[in-house]
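Report on one structure; see the data block that follows.
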Amino acid sequence: NAGVTQTPKFQVLKTGQSMTLQCAQDMNHEYMSWYRQDPGMGLRLIHYSVGAGITDQGEVPNGYNVSRSTTEDFPLRLLSAAPSQTSVYFCASSYSSGTGGSPQHFGDGTRLSIL
Amino acid sequence: AQTVTQSQPEMSVQEAETVTLSCTYDTSENNYYLFWYKQPPSRQMILVIRQEAYKQQNATENRFSVNFQKAAKSFSLKISDSQLGDTAMYFCASKTQGGSEKLVFGKGTKLTVNP
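In C-alpha cells form, the structure reads like this:
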C-alpha cells in the first residue's frame, strides 16, 4: 500500500522556470491538499480539493495552480518559479467524512530550491 | 478564522523523563478536532494523537497523552518515558467539523531528547 506518493523528492529550478510537483494517492480519498513548510512557519495550506473537478485556494495560493482530473492525482504547478517559492512541499489526503475528523495522510515531501 | 499557537520553539528533555509541549488555539466553532503531528529528521509527517472537542476524556496513545482544556482552548502533549526516537519537530493542528478538512498548523516545537 503506497499511501501518498510525491515526486520528485528534490528539485532545483532557476527563476522563471515552470514545473509540476506530482502527488498521487491510492486510498480513494476524496480530499487532497498541498502545503508548504518554511522554517519557523509551520505548514501553510496552498490549495485543496474535495473531489475530482473541485479545487479551492488555501492560505498562500499565489504563484501556484492545481487541477484534479482524477480522484488519485493532484498535481501542483509553478508557472514561473520565484526564489520565494523555495520550500518543502507536502501533499496530503484524507476521507471527506463530513465531520472533519479524518486524519490526513502525508507524502514524504518535495524539497524545492529556486535559484 | 482558526489560529494555532505553539509558544515553545525548542525544548529538550533527558531520556526516560517526561516532557509537555504546549499548544493553544482559537476557534469560534463548537465542534472541531485537534491533532499532534511528529516530524522526525526524515521529514515524514506522522500523526501522534487526535482529540475530538466534544469528548471530555483526554486522548492517550501509549506514551503520548494530551491535556485538553476546552474552556481555556489549550491542547498540550505529554510524552512520558522519553526516547531518543522522540527527537523531532512537533506540530499542533486543528480542523473544524462540518465537511472542511483543512488543517491549520502551529509553527512547531523542536524537541530534542538527550541521552
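Chain order of the listed sequences is A and B. Take the first sequence: its position 6, counting from 1, is numbered 6 in the numbering used here, and each next residue is one higher. Every number in the numbering used here is 115 more than the matching position in the second sequence, counting from 1. For glycine and all other residues, C-beta sits at the position ideal for the given N, C-alpha and C.
- Closer than 8 Å to the CB of glutamate 176 of chain B there is not a single CB belonging to chain A.
- Close to chain A, meaning a Cβ-Cβ distance shorter than 7 Å, are the following residues of the region 195-210 of chain B: Phe206 and Lys210.
- Against chain A, the CB of lysine 185 of chain B has no partner CB under 8 Å away; the residue lies outside that interface.
- Per DSSP, the unbroken beta strand (DSSP E) holding alanine 92 of chain A starts and ends at 87-94.
- At a cut-off of 8 Å between C-beta atoms, serine 94 of chain A counts as an interface residue with respect to chain B.
- For the region 160-196 of chain B, there is no continuous alpha helix (DSSP H) assignment of 4+ residues that stays within its boundaries.
- DSSP places leucine 79 of chain A in the coil class of the three-state scheme, outside both helix and strand.
- Leaving aside the five residues that flank serine 189 of chain B on each side, the residues in its chain whose CB is nearer than 6 Å to its CB run, in chain order, Thr139.
- The beta carbon of glutamine 159 of chain B falls within 8 Å of a beta carbon belonging to chain A, placing the residue at that interface.
- Glycine 16 of chain A is classed as exposed because its beta carbon has fewer than 16 other beta carbons within 10 Å across all chains shown.
- Glycine 200 of chain B sits in a helix when the DSSP states are folded into three classes.
- Each of B:Lys193, B:Phe220 and B:Asn229 was checked against the Cα of arginine 44 of chain A, and the nearest Cα belongs to B:Phe220.
- Not one beta carbon of chain A lies nearer than 8 Å to the beta carbon of lysine 153 of chain B.
- By the rule that beta-carbons nearer than 8 Å mark a contact, lysine 222 of chain B touches chain A.
- The Cβ atoms of valine 12 of chain A and serine 113 of chain A sit closer than 8 Å to each other.
- Put simply, the backbone Cα of methionine 204 of chain B is about 23 Å away from that of methionine 32 of chain A.
- Listed as beta-bridge partners of glutamine 11 of chain A by DSSP are A:Leu112.
- No Cβ-Cβ contact shorter than 8 Å links threonine 202 of chain B with glutamate 144 of chain B.
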